[in-house]
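Asks:
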Amino acid sequence: MATTMKIPSRELWSYFGYGLGQCFSFGLVGSFINYFYTDVLGISALAASSIFLIARVWDAVHDPLFASIMDTINSRFGKFRHFLLIAPLLITCVTLLSFYKIEADMTTKILYAGVTYILWGTLYAISDIPFWSMSSVMTNDSGQRTRAVTAAMLGVNAGIACANIFFPKLAAFFAQYSNDKGYFMAALVMMLFGLPLMLNGFMQIKERVPPSAEKVTMRDTFHNLRQNKPLFVILLSFFFCVFHNVANGIYIYFFIYNLGDGSLQMAIGIMGIVAAVVCLIAPMLTRRMQKRKLFMILCGLDIAVRAVMWFAGYQHTALLFLLLGLSTLFVMMSNILTSSMIADTIEYAEYHTHKRCAAITFSGQTFTGKMSVAVGGGLIGVFLTMIGYVPQAQTQSDGVLTGLFFGICLLPAIGSLIRLGCMSRFTFTEEKHAEICRLLAERRHASTQDVEGDERLDRPVSVN
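First residue of the sequence shown? That's 0 in numbering that gives the first Met the number 0, and the numbers climb one at a time after it.
#1: Measuring only the C-alpha atoms, how far is lysine 290 from methionine 184?
#2: Identify every residue that forms a DSSP beta bridge with glycine 77.
#3: Can cysteine 278 and methionine 133 be called in contact, C-beta distance under 8 Å?
#4: Keeping to the same chain, check which residues put their C-beta closer than 6 Å to that of phenylalanine 253; ignore five residues upstream and five downstream.
#5: How big is the Cα-Cα spacing for leucine 111 and leucine 224?
#6: Would you tell me roughly how many angstroms separate the C-alpha atoms of leucine 456 and phenylalanine 192, rounded to the nearest one?
#7: Give me the residue from Ala86, Ile85, Val114 with the minimum Cα distance to tyrosine 99.
#8: With serine 135 and isoleucine 280 assumed to form a contact (beta carbons below 8 Å), what rounded beta-carbon distance in angstroms separates them?
#9: Could you tell me the boundaries of the alpha helix (DSSP H) in which valine 93 lies?
#10: Which residues bound the alpha helix (DSSP H) around isoleucine 249?
#11: Report all residues from its chain with a CB closer than 8 Å to the CB of threonine 337; omit the five preceding and five following residues, and keep chain order.
#12: Quick one: Cα of phenylalanine 130 to Cα of alanine 150, how far?
#13: Looking only at its chain, what residues have a beta carbon closer than 6 Å to the beta carbon of alanine 357, apart from the 5 residues adjacent to it on each side?
#14: Name the residue from Gly368, Gly200, Ala348, Thr121 whose alpha carbon lies nearest to the alpha carbon of histidine 432.
#15: Near phenylalanine 35, which residues of its chain fall below 7 Å by C-beta distance, leaving aside the five closest residues on each side in sequence?
#16: Just to confirm the assignment, what range does the alpha helix (DSSP H) spanning histidine 315 have?
#17: Excluding sequence positions up to five away, which residues of its chain have a Cβ less than 6 Å from the Cβ of aspartate 343?
#18: Out of curiosity, what's the CA-to-CA distance linking valine 372 and histidine 243?
#19: Taking alanine 412 and isoleucine 302 to be in contact with their CB atoms under 8 Å, please state how far apart those CB atoms are, rounded to whole angstroms.
#20: Between the alpha carbons of threonine 285 and phenylalanine 172, how many angstroms are there, rounded?
#21: Have a look at glycine 387 and isoleucine 251 and give me their C-alpha separation to the nearest angstrom.
#22: Measure the CB-CB distance between methionine 331 and asparagine 156 and report whether it falls below 8 Å.
#23: Quick test of the definition: if touching needs 3 or more C-beta pairs under 8 Å, does the region 84–99 touch the region 116–125?
#24: Using three-state DSSP, classify phenylalanine 192 as helix, strand or coil.
#25: Using three-state DSSP, classify cysteine 278 as helix, strand or coil.
#26: Taking Cβ positions, are leucine 263 and tyrosine 313 nearer each other than 8 Å?
#27: Could you say which of Asn33, Lys369, Gly20 lies nearest to valine 56 if we only look at CA atoms?
#28: For asparagine 223, which of helix, strand or coil comes out of DSSP?
#29: Short of 6 Å in beta carbon distance, which residues of its chain neighbour histidine 81, apart from the five on each side in sequence? Order them along the chain.
#30: Hey, how far is the Cα of glutamine 21 from the Cα of phenylalanine 320?
#31: Go to alanine 392, then tell me how far its alpha helix (DSSP H) extends in each direction, as first and last residue.
#32: Work out the CA separation of cysteine 436 and asparagine 139 for me, nearest whole Å.
#33: Within a Cβ cutoff of 6 Å, which residues of the same chain sit near tyrosine 176, ignoring the five residues on either side of it in sequence?
#34: Please report the straight-line C-alpha distance between arginine 424 and phenylalanine 366, rounded to a whole angstrom.
Below you can see the structure in the form of structure tokens.
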């Protein structure tokens, strides 16, 4: 029978800490690198967009490639834990290089930005894929995995929120001492706080689920991925957070033109931290309800809240932010369930292929998340053009103001409706996962017995 592997609270806090430190980097690059390129380094918006496009094409190649290599490696630390020692140093260095203002001609600046950004995405994958894969080897129990994923997602969202809250203040402080608006020194301070958090994660997090008895090859990993049918349903529902990503990019325009105060953007970061803390109840909820059902309920609640927001209007700021906070909570908790369900599909694929390939499975989440953000970023410009937005204008037309409000209200609601439809097709429930874990445990036990039997037959027999 499969035995439950409980994760100590100290280890969960360390897992949270690794996600927190890692996402200082993700939050900095995700929120501020475009502005750094155009307004500090001085390259054009078109050049910056081209860099992002090339990076996403490269992501499509290296994310699954690196993941397949990771699944074939075993070390004295385990399958994934050793990456958590190497990656923090690499991420820290490449993040600082990405925010370094070089003095050179325009072509060299564009090449420097392109190389450092693509290198950042490459090295970040070396950290992010094993970070999420660890949730599948820390325990084989679905409920415990939800606790682990909740801790990880809490750290991720807190890290991104901290970057959005503290980096602008640090940059403003250092701006008077530099010619890069304080960006490099602010990034240095953030990463010096993040590095020990990540290294502590490496020291504290443990692997408990054994790897496949048979050697895993790169061909096995891709075969494993193709056989993992439930995974693709989850990734499809995860991708359609793209509409929420569009809304995230529109918030700054909405706050400036509809509410007349761009500094309200900070409220989004604060709401993210509050929502992340409330998400600690996710494991308790999943003990009482199937993840699939809870996910669909959260999508339904997000649709309802967004609809109320639209009909209530944005004249009542307190009500607006209350509803935005609730929506943030619902989406964040649904993403926790997404990661937990992805971890559970690893046993599904292992059962059908006899090979355990966690990294290639979580590379799907990493790549889908990047694609969702990239497509969302591209759609922001399309959306602003469609509603008639005029760049750098003091005021916008009533049609634009209505369009911006639609973008933060009903556009994400459409995304949640699509996500709900996708998840309705997901059938790999906790009961089926538990049964597969039981069958896998029996298979491993039988394999061990066969090996021990062969060893006994191979022993020399003494004849007197």
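Virtual Cβ for every residue (Gly too), placed ideally from N, Cα, C.
Replies: If we stick to the structure as given:
#1: 43 Å
#2: Ser74
#3: no
#4: Leu403, Ile407
#5: Note that residue 111 is tyrosine in the sequence shown, not leucine. Near 35 Å, if we compare the C-alpha coordinates of leucine 224 and tyrosine 111.
#6: Confidence at leucine 456 is low in this model, with a pLDDT of 47, below 50, so the placement of that residue is unreliable and no value is reported for it.
#7: Val114
#8: Actually they do not touch by this definition, with Cβ atoms about 23 Å apart.
#9: 82–97
#10: 241–252
#11: Ile233, Ser236, Phe237, Phe294, Gln364
#12: 12 Å
#13: Ser132, Ser135, Ile345
#14: Ala348
#15: Phe98, Tyr182
#16: Run containing histidine 315: none; DSSP gives neither H nor E here.
#17: Ser141, His432
#18: 9 Å
#19: 5 Å
#20: 44 Å
#21: 16 Å
#22: yes
#23: yes
#24: helix
#25: helix
#26: no
#27: Lys369
#28: helix
#29: Ser74
#30: 28 Å
#31: From DSSP, alanine 392 is part of no alpha helix (DSSP H); its letter is neither H nor E.
#32: 8 Å
#33: none
#34: 22 Å
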